[in-house]
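Trainee: Heads up, the sequence shown is in this note's numbering, so the first residue is 69 and it goes up one at a time.
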Amino acid sequence: MRVNTGSAKGRRLISPKGNKIRPTSSRIKEALFSIIGNKINESIFLDGFSGTGNIGIEALSRGASKCLFIENHKESLSIIKKNLSITNLLENSLIINKSFIQGIKYVS
69 MRVNTGSAKG RRLISPKGNK IRPTSSRIKE ALFSIIGNKI NESIFLDGFS
119 GTGNIGIEAL SRGASKCLFI ENHKESLSII KKNLSITNLL ENSLIINKSF
169 IQGIKYVS
């Protein structure tokens, strides 16, 4: 799994072994960002059920000013932090260790 475009293009991201966490495929990721287009620039992006952080990291790499990652799985939280460090995008991120509903309430 790699970052497709932007400042972290080509960086390989950590992915867990097994099938507990299933990262979003490159095809789906490209389709999503094709729809979003240039609206990503300087936006605040929310990556709910973050898993590996793959989608939020792609958003940051493409120009989002900040990304909020909402995740409550312990292994996923560790992977997100590692992937943000690998891509040098940690400072533009807020990792929220809560369920999705609790995380939305927390940020609103």
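A virtual CB, placed ideally from N, CA and C, is assigned to each residue, including glycine. Given the structure is predicted, the values throughout are model-derived calculations rather than measurements.
Restricting to Cα atoms, I'd like to know which of Asn109, Asn160, Pro91 is closest to Ile82.
Mentor: That would be Pro91, whose Cα lies nearest to the Cα of Ile82.
Trainee: Checking the sheet assignment: what are the DSSP bridge partners for Lys134?
Mentor: The partner list for Lys134 (beta bridge, DSSP) reads Ile112.
Trainee: Would you identify the three-state DSSP class for Ser161, choosing helix, strand or coil?
Mentor: Strand, per DSSP.
Trainee: Please check the pair Leu152 and Leu145, which I expect to be a contact at CB under 8 Å, by giving their CB distance rounded to whole angstroms.
Mentor: Between Leu145 and Leu152 the Cβ distance is about 11 Å, and since that is not below 8 Å, they are no contact.
Trainee: Since Asn106 and Ser133 are thought to touch, with beta carbons under 8 Å apart, how far apart are those beta carbons, to the nearest angstrom?
Mentor: Wrong, their Cβ atoms sit about 14 Å apart, outside the cutoff.
Trainee: What residue from Glu126, Lys85, Ala76 has the CA that sits closest to Ala99's CA?
Mentor: When only C-alpha atoms are compared, the closest one is Glu126.
Trainee: Quick check on DSSP: helix, strand or coil for Arg79?
Mentor: Of the three classes helix, strand and coil, the one that applies to Arg79 here is coil, per DSSP.
Trainee: Here's a check: name, in chain order, each residue in its chain whose Cβ is nearer than 6 Å to the Cβ of Leu162, leaving out the five neighbours to either side.
Mentor: Around Leu162: Leu136.
Trainee: Shortest alpha-carbon distance to Lys85 belongs to which of Val71, Asp115, Ile147?
Mentor: It is Ile147.
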